[in-house]
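The next block holds one structure in the form of structure tokens; read it before the comments.
Okay, structure coming up:
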């Protein structure tokens, strides 16, 4: 039920944020698909009356060249485009090319529904791969446990073999005894 309520809220928000642009145009809207430090991906859509040859969107910022982007048909009478631009509240003018041509009034991305506050890029901590102190303690404990396990395994494997070889009561420890003479590969003697 939460997802249906979420979709209804989004739908209601989209309807409330649609902007009337004047003669030849219906509603228009914009939203941010993604935003980073250097760029943002925006989706623009506009309803157009009639059957134009094409529709373009002009995006402008003060003291910068205007960006003109062709729009594609998304539905009957609805044109749209998804594009990447630098993060800013552009002024948008939609233009219908054909007979009769028309231009919408200027409208900002904010007026078209872009919420720059909630679309702001999320910044990660400077060192996102840093390991917390508690995690580091568990890591060292795991390393120590692994080392102790390997040591116990080595002692068990190698220590058992040395014990069989040293079971010879005549061996004084100076030189290793002859393995075949002692019978190291036989089972240890009982009661000695």
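Residue numbers (my numbering): 21 to 212. Glycine included, C-beta positions come from ideal geometry on N, C-alpha and C. Since the model is a prediction, treat every value here as computed from it, not as a measurement.
Residue i: buried (16+ other C-beta within 10 angstroms of its C-beta) or exposed?
i	result
residue 62	buried
residue 65	buried
residue 177	exposed
residue 122	buried
residue 168	exposed
residue 54	exposed
Regarding residue i and the ligand FMN, is the C-beta to nearest heavy atom distance less than 7 Å?
i	result
residue 53	This structure simply doesn't include the ligand FMN, nor any ligand for that matter.
Could you give the C-beta distance for residue i and residue j, rounded to a whole number, given that I count them as a contact under 8 Å?
i	j	result
residue 69	residue 46	7 Å
residue 114	residue 124	4 Å
Kindly indicate which three-state DSSP category residue i falls into: helix, strand or coil?
i	result
residue 152	coil
residue 124	coil
residue 108	coil
residue 179	helix
By the DSSP assignment, the beta strand (DSSP E) with residue i in it spans what residues?
i	result
residue 88	87 to 95
residue 118	Looking at the DSSP string, residue 118 is not in any beta strand (DSSP E), and its letter there is neither H nor E.
residue 48	45 to 55
residue 67	60 to 68
Go through its chain and collect everything with a Cβ distance to residue i's Cβ below 6 Å, but skip five positions before and after it.
i	result
residue 129	50, 109, 110
residue 104	59, 61
Between which residues of its own chain and residue i is the CB-CB distance below 8 Å, once the five residues before and five after are set aside?
i	result
residue 86	78, 79, 80
residue 23	In this prediction, residue 23 has a pLDDT of 46, which is less than 50 and means its spatial position is unreliable; what the coordinates show is noted afterwards. Answer for residue 23: no residue qualifies.
Once the 5 residues before and after residue i are set aside, which same chain residues still bring their CB inside 7 Å of it?
i	result
residue 116	44, 68, 72, 75, 122
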